[in-house]
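Trainee: Chains as they are written, first to last, in the numbering used here: chain A, 70 to 174; chain B, 227 to 390; chain C, 64 to 548; chain D, 188 to 904. Ideal Cβ positions, reconstructed from N, Cα and C, are used throughout, including at glycine.
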Amino acid sequence: MNAPLTLAHYMTLAGILFLIGIFGALTRRNISGILMSIELMFNAANINLAAFDRFLHPEGVTGQALALFVMTVAAAEIVVGLALLLAIYRGTDTVYAEDFNLLKG
Amino acid sequence: MIDQIVFYSLALLTVASALAVVLHRNTVHSSLFLGLSLAGVAGIYASLGADFLFGAQIMVYVSGIAVLVMFVVMLLGRASDLHLRQVNERWMAALLVCAVAAVGLFKVARLHAGTVVTAAAKPGTHDIGRLFLGEWLLPFELISLVLLAALLGAVFFTRTEKAS
Amino acid sequence: MNMLSLVTFAPLVGALIILCIPKEKVRAIQTVAFVFAGIALIASLAMLPGFSRGTHEMQFVERFSWIPSFGVQYYLGVDGLSYPLVLLTTFMCVIGLIGSLGIEHRVKEYFFWFLVLEVGMTGVFCALDLILFYVFWELTLVPMYFLIGVWGGPRKEFAAIKFFLYTLTGSVFMLLAILALYFASPAPHTFDMLELAKLTGGWDRHFQILVFLGLYFGMAIKIPAFPFHTWLPLAHVEAPTAISVILAAVLLKMGVYGLLRISYTLAPLGFQWFLPALIVIAVINIVYGALCAMAQTDMKKMVAYSSVNHMGYCLLGIAGMTTAGFTGAVFQMLTHGIITGALFLLVGVIYDRAHTRDVSAFGGLAVKLPVYAALMSLTCFASLGLPGLAGFIGEFLCFLGAFQTWKLAAAISVLGIIATAAFFLRMMQKVFLGKFNEKWADLPDMTARELISIAPLAVLTVLFGVYPKWPLDLMNKTIEHMLGK
Amino acid sequence: MIEHAYLIPLIPFAASLIMMFGAKEDPHSPAPWIGIGAMAICLGMSLSILNAVAGGTVPLPYEHNWQWFSFAASIGGKSFLYDMPIGVLIDGPAALTLVVVTLVSLMVQIYSIAYMHEDARYKRYFAFVSFFTASMLGLVVSSNILVGFMSWELMGLSSYLLIGFWFEKDGPTEAQKKAFMTTKLGDSGLYLALLFIFAKVGSFQITQIHQFINQGYMTTTVATVIAIGILFGAMGKSAQFPLFIWLPDAMEGPTPGSALIHAATMVAAGIFVVARLYFVFLAAPDAMLAAAWIGCITAFMAAAMALVSYDIKRVLAFSTVSQLGFMMCALGVGGYTAGLFHLTTHAFFKALLFLGAGSVIHSVHTNDMRLMGGLSKKMPVTFLTMGAAILAIAGIPFTSGYYSKDMILANIYHANQPIFWIMLGTALMTAFYMSRLFILTFWGDDRDHEKHHHAHESPFLMTGPLVLLAFLALVSGFMLDRKGLVYSLLAKPTITAPQAPAAAEAHPAEAKPAEAHPAEAKPAEHAAVAVPVEHAAPATEAPAEAHAAAASHEGGEAEHHEGHLPHWLHLALPFLVLGSIGLAFFLYKGPKYAVADGLKANLAPVFRLLDRRWFLDDAFDLLVVLCDKVAALAFWIDANVVDRVFVDGWGLLMRIVAEVSNLLDALFVDRTVDGFGGLSLDLGVGLRALVKDGQVQEYLMYAAIAFSLAATLILTR
């Protein structure tokens, strides 16, 4: 516990969060669950950005600014995603991903 | 010492609630845990000294997105969902994928095992503002366009058919 | 005056202007297309007096840094190898535009894509930077996809997709090879073809073989060399007439040009290594292409397979690795563009009237359509390599070059000449000669517009056959230099 | 005049263009006179050139070249810019052939004015004829073998146009295609020969090739291959076995056109090219022997077919083939002068025969000789002129055919005895079938009264040329033979290569003529001059003129003493010919010719064989069918194999990968069910999901797998 915090700590945390996100995106049946998992992945990336900013380039704020962009994109993504989810739900009365196989050739 | 305690507890909070997000059977609970996890991330930002990011995280994510998700989930929720498995049959393979990816990610993380903070944290809001309205003005405007498009998209997809 | 940029990008300006014209104003759209394709043609012709026949150096060079961090340049220039092809491109595009006047639906998009296609094709022949080359190369793909897929025949979607995927697959391998070349150059890396060509001595054979194979895969699909030729008949049959013309006249040449300009100069050892296979492919292209053409009853498909056969002559000339063979290959590219372009236009003429291209549906048309029959016969004879017409010189030089190296293969390929004669003669017999088929009693002869589009090609066919000195003088020095003697 | 020789092909060519594009289609159009005028000018020029050449007032060979185009070439490791020359090369044979071609063409055109007067495509016919003649003249004067080949091919085109002139009917269209394809088949040999020549010599210029061989740079093997290629080309154009099948069908075209093809242009071209490149043959004794035998076989087979045919034009066509066989055979045994001499005389009498036959057909409107007979009273001029031609071709003494055929037989006699006896028999057959034709057509009583009644003598425009040609057919042999003119004019080229004597020793066939020709032995001094060099530099830099001005002059003098037939044979020959004519009289004199019919009944299989033309046509048809089959097969392969493999193959490959992974999955599941129970089942099901499709998360899974693998590989490197 006494070892100083290093960049590796933050990266590990981000990695774990990212893996959880991947796992969720791959396994959740509910589309809203998938969307939430994707949000987790975005956050994992943001943690990394903020950490890089702090550890590697403390003189500027580029990393933070980039994280803000990511945040914006994530917001846009979730809004559209949820809107789609609603539309789909109205049309097909289901929220489970395996019920959609329009991609099947 | 304080730093370490803060970090580890925040990390624990974040990871645990993230796990709950992907594993919990009830989607509503999942969304609540999502809010918690995002709040944990906000704490991490604070511990990194990214004050503006911390604020944005709280405002956009915790109070915006997480709440939005919760509303939608509640809107779509059905009682019967609680009896269904919320994880599909692919979880084993997904775990394998994660394991493989983990190897790479942690390999990289280890490269920075020795990188420590070299300078004191300073407030960044001022700098970010200068950056956005100065050097990064074009991307900044573009991202606002993206937001606008997302807004229009959301309206388009959610409007009801009776208009026509 | 940046002549090459003018030649290359004038059509692009035209395309952008067309985008701004309302789609109802068909006449205005056509005028703009003609004006800008005409500018490109006139500009490319205007370079003729200034083009020095006495040097192999790149001429009309334009060079700017484009993406400095990767060493990508905007680097244009022409020599005796590419300049004739630039002329061919701008010329055939104008001819193709005349042939496109019959397009009636979605005119705006059609001419837009057509001009974009011209940009890509001209660019390929002018570019001296590999990335620039690749960009232009890919730029031809999308317009072609739409031109076939929207304005084509009954199976147009299938043909377009097949064309697109097939050629795209090829270009991916090409891109890999280009990147390999980039990283093989000493830091700072470069995509400059001429710089890279100077470095080939230092690369080992295995590397060159791999690079060559990657490049060859991309080129062979475009040429098209056996066994990657099967997209061609389908694409030709389904494409609208003018697009068939462009496809045969210019697009196929990009493959051969790439083989000479890039594969040969940048991976000479790989090229050497591949020669025995190349000659076999050339012979197969020639004999097998001619045989396949012989089995066709659809005139357009027959001409398409004859293209396979004719590109085989180009490959034969290249595989000879002699100056005569290279000269023949380049000359054959020119003449094949002109002759086969004319053939496709002529087939389009009869299809517009009769709505069939089946040879057995006709008969005795020479009585009813004497002008058409005469022009068709002229082009057929040119295509089968009758001396005095353009097809002969290129074909003969290809054989001449190949024969010095591959006697047996050249001898076998002569069979292809005979088969070519056989199917063209049979087609002419069935369509024009014999008893007149009364079904076509009210078929009109060629209109002025059709004549205008074909007459220049017919004139060039005769001119190049009788006096090939002009095009040959353009390329002699460059080709001598290419073989390094 | 000789410096303007390049105009000789150009004038008719221009006339042809003017007629084709400048005149309106009109049965009474004066356009043909343009062609006739042009040809008359050419004839005048040719005569003056011949006069100069025969008089020895110009140095021979006269050569003048212009640069045509140039291309980069490399021979034997040396690279240079080859300037393709285009120019004229006039020597004795060329000068003589020019006169023959222009004269016959002029006669044919004048004759055609009357013959074609009611045709709808009147001017087009004359344009074709002019073009045809122009291409032949181009071949004759050209100094460059590639230009010669181009004219040669253009001649193929013009024969195609002329044979299929009445293209509304199926017969001509088939015949024109057959003619073009068969000759094209032969041309491929010449094509390869040209390639080979350039690969060895580095030049297409005839004089330089000659010089190259003279200096001994070309080995016998190479020369043989080249010579065989040339021979193959000549076999196609000059209708030699087995490629003569096109010629009998070629008479589907207008009869005067046939006269042109058979006498002056097309078929003469093959012989002429062999003669022009004769030095290659001299360096290749094997090829000479092959030429001799091919000529012999051709002559015999064609003559045999002519014996049984009843179609007047077909008999003439077979006789052409047969006579061409004589020429080829003569060239093959070293009788250069004899072969070309016969080419000249044959041109006159064969043109006459065809024009005469045309006159007959014009009058009775049938080709079938069984429906003719007794026409002598109705058409006296045609009768007499045709009679003259038949005397000439049969070889009655002091007619032109007598001189030339006698010379050929003499040459063969000294070279190759087996061939000689076959050729002698063929010569007698010639006399027989030609008199048979004559008797059936003109002699005796009319068989078809209807046709006979309508028969009439042709107008003056048709009979005039007949009379002139008849005069030439009778006296041209005598004129040329007088004072050895033919030897000096048609002097055999020589080669001075060191190999030549060695080759002669190796091949008995060549050895005999070598003894018989003092001229061959003479050029030892040249041999001493020629320095053998292993791998020659291209001959381009070498001076062109120096070479064989001497050779052709000296050779001419010496060849005069060429061997003659043994005295008894020389005397017996006319009597044998007369006997064979008498036999024809005996068999066919009456209106019923019962004897001949009886013979036919007795020898039915032989007649059938000859009637079906030795089944060569059937073989050709079979070849065509075979080619079609092969083509269909190739296309089937293309559509069903190549396309499948290389387009659908990608899809298939993916399918296979999927199936394999499915299989592994199944194995994996089976094996682990016992060990790991439910866990492995889950894994198996998860893996199997890989091959189902349509699920968003499956695609996501693939992406994740790819990404994780890639990331891991890259990051942990």
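Does the Cβ of D:V291 lie closer than 7 Å to at least one heavy atom of the ligand COA?
Mentor: In the structure on display, the ligand COA does not appear, and there are no ligands present to speak of.
Trainee: On the DSSP bridge assignment, give the partners of D:I277 in chain order.
Mentor: Answer by DSSP bridge pairing, in chain order: D:Y249.
Trainee: Report the rounded CA-to-CA distance for C:F209 versus D:D805, giving the unit in angstroms.
Mentor: Their backbone Cα atoms lie some 51 Å apart in a straight line.
Trainee: Do the segment 441-459 of chain D and the segment 390-408 of chain D meet, that is, are 3 or more Cβ pairs less than 8 Å apart?
Mentor: Flag = no, the segment 441-459 of chain D and the segment 390-408 of chain D do not touch.
Trainee: So that I know if they touch, is there some Cβ in chain D lying closer than 8 Å to that of C:G451?
Mentor: Closer than 8 Å: yes.
Trainee: Tell me whether D:I580 sits in a helix, a strand or coil according to DSSP, three-state version.
Mentor: Helix.
Trainee: Hey, how far is the Cα of C:M357 from the Cα of C:G117?
Mentor: Between C:M357 and C:G117, the C-alpha separation is close to 43 Å.
Trainee: DSSP beta-bridge partners for D:M265?
Mentor: First, the amino acid is wrong: residue 265 of chain D is Lys here, not Met. Looking at the DSSP assignment, D:K265 forms a beta bridge with D:I262.
Trainee: Any idea which residues DSSP pairs C:M362 with across the strands?
Mentor: According to DSSP, which records beta bridges pairwise, C:M362 is partnered with nothing at all.
Trainee: Using the beta-carbon count (16 or more within 10 Å), is D:Y889 buried or exposed?
Mentor: Exposed, since its Cβ has fewer than 16 Cβ neighbours within 10 Å.
Trainee: Look up D:V673 in the DSSP assignment and say whether it is helix, strand or coil.
Mentor: In this structure, D:V673 counts as helix in the three-state DSSP scheme.
Trainee: Taking the alpha carbon of D:G358 as the point to measure from, which residue in D:A437, D:L763, D:P196 has its own alpha carbon closest?
Mentor: When only C-alpha atoms are compared, the closest one is D:A437.
Trainee: Any idea if C:T360 is buried or exposed, counting beta-carbon neighbours within 10 angstroms, 16 or more meaning buried?
Mentor: C:T360 comes out exposed.
Trainee: Using only alpha-carbon positions, find the residue among C:P296, C:L535, C:L276, C:C189 that is nearest to D:V129.
Mentor: Residue 129 of chain D lies beyond the range of chain D shown here (188 to 904); nothing can be said about it.
Trainee: For C:L523, which residues in the same chain have their Cβ closer than 8 Å to its Cβ, ignoring the five residues on either side in sequence?
Mentor: The residues are I401, A453.
Trainee: If we require 3 or more residues per run, which beta strand (DSSP E) segments fall completely within the segment 478-503 of chain D?
Mentor: If we require 3 residues or more, the segment 478-503 of chain D turns out to have no beta strand (DSSP E) run fully inside it.
Trainee: For the candidate residues D:M422, D:L418, D:H529, D:G209, whose alpha-carbon lies nearest to that of D:M475?
Mentor: Taking only the C-alpha atoms, the option nearest D:M475 is D:L418.
Trainee: Indicate the three-state DSSP secondary structure (helix, strand or coil) for D:W755 in the structure shown.
Mentor: Three-state result, D:W755: helix.
Trainee: Compare the C-alpha of D:H251 against each of D:S329, D:A260, D:K310 and name the closest.
Mentor: Checking every option, the nearest Cα to that of D:H251 belongs to D:S329.
Trainee: Please list, in chain order, all residues of the same chain as C:A247 whose beta carbon is under 7 Å from its beta carbon, the five residues on each side excluded.
Mentor: These residues qualify, in order along the chain: W266, F270.
Trainee: Short of 9 Å Cβ to Cβ, which residues in the segment 375-391 of chain D face chain C?
Mentor: Within the segment 375-391 of chain D, the qualifying residues are S375, G376, Y378, L379, L381, L382, F383, F385, A386.
Trainee: Measuring alpha carbon to alpha carbon, tell me which residue in D:P429, D:G416, D:A366, D:F466 is nearest D:Q173.
Mentor: Absent from the structure is residue 173 of chain D, since the part of chain D shown begins at 188 and ends at 904.
Trainee: Between which residues of its own chain and C:N65 is the CB-CB distance below 6 Å, once the five residues before and five after are set aside?
Mentor: Answer for C:N65: E125, listed in chain order.
Trainee: Does the beta carbon of B:R251 come closer than 8 Å to any beta carbon on chain D?
Mentor: No, B:R251 does not count as interfacial toward chain D.
Trainee: Could you pull the DSSP bridge partners for C:V141 from this structure?
Mentor: C:V141 is bridged to C:Q122.
Trainee: Count the other CB atoms within 10 Å of the CB of D:K500; is the residue buried (16 or more) or exposed (fewer)?
Mentor: Buried, by the Cβ-count rule.
Trainee: Just to confirm my understanding: we take C:S68, look at its own chain, exclude 5 residues before and 5 after, and list those with CB closer than 7 Å. What are they?
Mentor: The answer, listed in chain order, is E125, L139.
Trainee: Is the shortest distance between the beta-carbon of C:I92 and the beta-carbons of chain D less than 8 Å?
Mentor: No, its Cβ sits nowhere closer than 8 Å to a Cβ of chain D.
Trainee: Identify, in the order they occur along the chain, each residue of the same chain with its Cβ nearer than 8 Å to the Cβ of D:F607, setting aside the five sequence neighbours on each side.
Mentor: These residues qualify, in order along the chain: L596, I599, Y600.
Trainee: Give me the residue from A:L86, A:A120, A:A119 with the minimum Cα distance to A:I107.
Mentor: Among A:L86, A:A120, A:A119, the Cα nearest to that of A:I107 is on A:L86.
Trainee: Does the segment 472-489 of chain D come close enough to the segment 504-511 of chain D that 3 or more CB-CB pairs lie under 8 Å?
Mentor: Result yes; three or more Cβ-Cβ pairs closer than 8 Å.
Trainee: Mind listing which residues of the segment 85-101 of chain A have their C-beta closer than 7 Å to chain D's C-betas, in chain order?
Mentor: The segment 85-101 of chain A vs chain D, Cβ under 7 Å: I91, A94, L95.
Trainee: If we ignore side chains and look at the alpha-carbon of each, how far apart do C:A474 and C:T468 end up?
Mentor: Taking the straight line joining both Cα atoms gives about 12 Å.
Trainee: Let me know the alpha helix (DSSP H) ranges lying completely inside the segment 64-94 of chain C, each 4 residues or longer, listed in chain order.
Mentor: With a minimum length of 4 residues, the continuous alpha helix (DSSP H) runs that stay inside the segment 64-94 of chain C are 66-83.
Trainee: Does A:A166 get closer than 8 Å to chain D when you measure Cβ to Cβ?
Mentor: Interface residue, yes.
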